[in-house]
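Written below as structure tokens is the structure these notes are about.
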Amino acid sequence: MVTTLKSKTYEPMDVDEFTELAYREGWTDGLPVLPPTEKAVTAIVDYLGRDPAEVVGVLSPAEGLATIEKIAINCAMAGCKPEYVPVVITAIQAMLADEFELLRVNSTTGGPAPAAIISGPVVKQLGFNYGEGVLGGSGNRVNGTIGRAIRLVLWNIAQTRPGALSASTFGHIGRYAYLYAERPPDDGNPWEQFHVTAAGLSSEDSAVTMFPCCTQDQISDGIGGNSLSDKVDVLADSITLGTYQKMLVVNPHVANAFANAGWSRKDLRDAIMARANPWRSVVSTETVHARIEYDGRLTMGSATGPRLVEEELHILVSGGWSAAPGYCLRMMTCHGQLATRKIDWKW
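If you count the sequence shown from 1, you need to add 1 to reach this note's numbering.
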């Protein structure tokens, strides 16, 4: 079958001419992009074996149609190989989940950036970097181009552009590319894979989790040979309960210190939540303060009685092996919640 593309075409030009055209037409968010040649785009569509006009979803805030052809164009501009594109499509599907709240994430003044978390056999099958420099600056094509393609889809199809349909006050460095790969079980990750815990998928599955991250900071769980209890205290000091969903990214050194002592991922999460800082807020004109109690479920007390607060802390194992300080990353949303989707593709 001959693939017929419907997008507007331009006369052949050199890279310099294309670069100026891309900036002039607003196809890029500031970084250079590659020319989406007919050869590159057709190769992606043919690899997927899907109708170029097929609509994967409608992306807010512009209500743009994310067709296979348009996704392929943005993936080509990002430098994706065809075999990377099923991951990008799954990321789009995850962002379309109701709980992700794509409209608010893309438009709010808070300016969160959707972070992609890749887990399962695909991590090794495609060669994602999950070690040192996992978040960026590693020179890994898979991480960099897939993260970039997701961003370009949001830029060009969802029209998430500051001063127009995005009201992001400061922006976010993750709005160029934002991607983590989880460490596999056979290389430093002592716990079940993230998509198994977060979404109940099989360990044989591969998945993309999209997390609308507003803030991220690197923290240390302590210096030297401090006890596991002390490490929990330090980590808990960085967590405030009762606000937004959070992700704690621990490196394999930290994960294995706990796992070797018999701790599960849930044990660590529960211990942190039990010791974390409660959120304090005025809930009535009589200055009644909210109270948070954690007993396996999180409840917030108020003048009208306790209410359940959705489970809000997730733990991911990724990154390089750290020294004794045990560096970790804390991520927090400001709108929406994480959403996980299985990658419907076999490599």
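Note that the Cβ used here is the ideal one computed from N, Cα and C, for glycine as well.
In the pairwise beta carbon analysis, the stretch 212-226 is classified as not touching the stretch 140-157: fewer than three pairs are separated by under 8 Å.
Within the DSSP bridge table, the entry for Thr210 names Ile118, Thr341 as partners. When C-alpha distances from Phe171 are compared across Tyr179, Thr109, Gly134, the shortest belongs to Thr109. Taking a 10 Å sphere around the C-beta of Thr210, we find 16 or more other C-beta atoms and assign the residue as buried. Taking C-beta separations shorter than 8 Å and ignoring five residues to either side along the sequence, the partners of Thr334 in its chain run Pro113, Phe212, Pro213, Cys214, Cys215, Tyr245, Gln246, Lys247, following chain order.
Cβ neighbours of Leu60 within its own chain (closer than 6 Å, five residues either side excluded): Ala67, Ile158, Ala159. Residue range 65-68 is occupied by the beta strand (DSSP E) that includes Ala67.
Below 8 Å, too few C-beta pairs join the stretch 181-190 and the stretch 36-43 to call them touching: fewer than three.
DSSP lists Leu314, Met333 as the bridge partner or partners of Lys247. Collapsing the DSSP output to three states places Ile220 in a strand. For Leu229, the enclosing alpha helix (DSSP H) stretches over residues 229-238. About 11 Å separates the beta carbons of Gly327 and Val233, which is beyond the 8 Å limit, so they are not a contact pair.
Residue range 56-60 is occupied by the beta strand (DSSP E) that includes Leu60.
Burial is judged here by how many other beta carbons sit within 10 angstroms of a residue's own beta carbon; Val42 has at least 16 and is buried. In the DSSP assignment, Ala182 forms a beta bridge with Ile119. Under the DSSP definition of a beta bridge, Pro163 partners with Ser167.
Sequence-distant Cβ neighbours of Tyr11 in its own chain, meaning closer than 6 Å and more than five residues away, do not exist here. Nearest to Pro115 by C-alpha distance, out of Thr161, Val135, Val3, is Thr161. Boundaries of the alpha helix (DSSP H) harbouring Asn157: 142-157, taken from the DSSP string.
Closest option to Lys9, judged by alpha-carbon separation, among Arg25, Glu70, Asp15: Glu70. Residue nearest to Ala199 within the set Gly128, Ile147, Gly132, Leu317 is Leu317 (criterion: CA-CA distance). DSSP, reduced to helix, strand and coil, places Asn252 outside both helices and strands of the structure shown, so it counts as coil.
Counting only runs that start and end inside the stretch 11-96, the beta strand (DSSP E) elements of at least 3 residues fall at 56-60, 65-68. Contact between the stretch 43-50 and the stretch 75-93 is present: three or more C-beta pairs spanning the two stretches fall below 8 Å. Ala54 and Ser221 have their C-alpha atoms roughly 48 Å apart.
Straight-line measurement puts the Cα of Leu229 at about 54 Å from the Cα of Asp52. Looking at the backbone, the Cα of Val143 and that of Leu136 are separated by about 12 Å. Per the coordinates, the alpha-carbon of Asn190 lies some 12 Å from the alpha-carbon of Asn261. Secondary structure at Asn278: strand, using DSSP grouped into helix, strand and coil.
The three-state secondary structure of Leu202, taken from DSSP, is coil.
Under the three-state reduction of DSSP output, Leu6 falls in the coil class, being neither helix nor strand.
The Cβ-Cβ distance between Gly148 and His196 does not fall below 8 Å. According to DSSP, residue pairing for Tyr328 in a beta bridge involves Ser221.
Taking the C-beta atoms as reference points, Trp346 is found no nearer than 8 Å to Gln126. Across the structure, Leu249 and Leu269 are spaced so that their CA atoms are roughly 11 Å apart.
By the C-beta density criterion, Ala325 is exposed, having fewer than 16 other C-beta atoms within 10 angstroms.
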